[in-house]
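One structure is given below, encoded as structure tokens.
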Amino acid sequence: MTRSETTILVCCHKAAEIPDNKILLPIHCGKALSDAELGITGDDTGDNISVKNPNYCELTALYWAWKNLTGVRYIGLYHYRRYFLFNFWKEQKRLFHRNVSINVPDWSNNNLSEAAVKKILNKYDIILAKPQLFPISLAQQYISCHRAIDLNVTREAICNLSPEYLCSYDHIMTETGRLSKCNMFITKWDIFDDYCKWLFAIISYIEQHLTISEDPYQKRVFGFIAERLLNVYCYHHNLKVKYKYICFINH
2 MTRSETTILV CCHKAAEIPD NKILLPIHCG KALSDAELGI TGDDTGDNIS VKNPNYCELT
62 ALYWAWKNLT GVRYIGLYHY RRYFLFNFWK EQKRLFHRNV SINVPDWSNN NLSEAAVKKI
122 LNKYDIILAK PQLFPISLAQ QYISCHRAID LNVTREAICN LSPEYLCSYD HIMTETGRLS
182 KCNMFITKWD IFDDYCKWLF AIISYIEQHL TISEDPYQKR VFGFIAERLL NVYCYHHNLK
242 VKYKYICFIN H
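Using this note's numbering, you'd call the opening residue of the sequence shown number 2 and step up by one each time.
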């Protein structure tokens, strides 16, 4: 599928009003398993892993874009309720409030445009969510919310497939408490392509060696792990990062 040079996926699993912006591409995640017809692009066309959505979460959309989009120079990922703030005034307001929520009609004032993305990525390698700071390490935080075995198998995957990343993984997971969350980013296609090659190889290994929990929340394991791996990848490659606050869309 050919798109404009800048494409930001907006991951959806149910009907939602999406801001009218030519660089946003709403995508139905897990469409292969859904009876709903949302009238938007599905992640079940071409080369896809749509049926794995219960475990992969938004990664099924990420994989679809990686394998099926053409002619794209800048690529990103949002969620139907979560977007980066590009509006300066609202970013300043965010400094004094826990969250910023806006209505869809206000999105036209958010200054998100192809030109704005290109301007940032001329100076930076990637745009990520402003990190959440935890008083404990990311490994401790993960284990407090999920299963320790997930991290054990993830580290094993890195040891076996890309040992050059091991020091970076250990640093991010055990020596820091900073996490850019939600698998949200905007970056250049060549970085995205390299990241996906690495990420999906790691996730595939974990999938083959991990018994996935039947718990409805914990079974989303690969989405949770990928949040951490995105941070590992950026640190390992010393990417120059521009951080943006996340705003929440009222539906």
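Glycine is no exception: its CB is placed at the ideal position from the N, C-alpha and C atoms. Here the structure is a predicted model, which is why all the values come from computation and not from measurement.
Query, Result
"Nearest by alpha-carbon distance to R221: which of A37, L60, L139 is it?", "L60"
"How would you call C30, buried or exposed, if buried means at least 16 neighbouring beta carbons within 10 angstroms?", "buried"
"Can you check which of these residues, Y244, V11, N161, L86, is closest to H210 by C-alpha distance?", "N161"
"Is there contact here, the stretch 197-206 with the stretch 72-88, by at least three beta-carbon pairs under 8 Å?", "no"
"Does the contact criterion of 3 or more C-beta pairs under 8 Å hold for the stretch 186-205 versus the stretch 131-140?", "no"
"Who are G77's beta bridge partners in DSSP?", "I9, I187"
"What did DSSP end up calling C248 once you bin it into helix, strand or coil?", "strand"
"Rounded to whole angstroms, what's the CA-CA distance from A227 to L200? Just pull it up for me.", "7 Å"
"With contact counted as at least three CB pairs below 8 Å, one residue from each stretch, are the stretch 171-187 and the stretch 120-138 in contact?", "yes"
"Note down, in chain order, each residue of its chain lying with its Cβ closer than 7 Å to the Cβ of A117, except the 5 sequence neighbours on either side.", "F87"
"By DSSP, does P164 sit in helix, in strand, or in coil?", "helix"
"Considering only the beta carbon of each residue, do R83 and L134 sit closer than 8 Å?", "no"
"Give the DSSP-derived three-state secondary structure of I128 in the structure shown.", "strand"
"Is it buried or exposed for C146, if we count other Cβ within 10 angstroms and need 16 for buried?", "exposed"
"Taking only the alpha-carbon atoms, compute the straight-line gap between E6 and Y75 and give it to the nearest angstrom.", "6 Å"
"Quick check: the Cα distance between C235 and K120, rounded to an integer number of angstroms?", "20 Å"
"What first and last residue would you give for the beta strand (DSSP E) that runs through R83?", "83-85"
"At what residues does the alpha helix (DSSP H) containing I144 begin and finish?", "139-146"
"With DSSP run on the structure shown, which of helix, strand or coil describes I192?", "helix"
"Please return the same chain residues whose Cβ sits closer than 6 Å to the Cβ of G47, not counting the five positions on each side in sequence.", "N69"
"Pull up the distance between the alpha-carbon of N153 and that of I247, whole angstroms please.", "30 Å"
"Buried or exposed for D45, going by 16 or more other Cβ atoms inside 10 Å?", "buried"
"Quick one: what does DSSP say L60 is sitting in, helix, strand or coil?", "helix"
"With distance defined between alpha-carbon atoms, name the residue in T175, Y125, S35 nearest to N239.", "Y125"
"What are the boundary residues of the beta strand (DSSP E) that H29 is part of?", "25-29"
"Do you know whose CA, among V233, L63, V52, lies nearest K32's CA?", "V52"
"Would you kindly work out how many angstroms separate the C-alpha atoms of E38 and A202, rounded to a whole number?", "31 Å"
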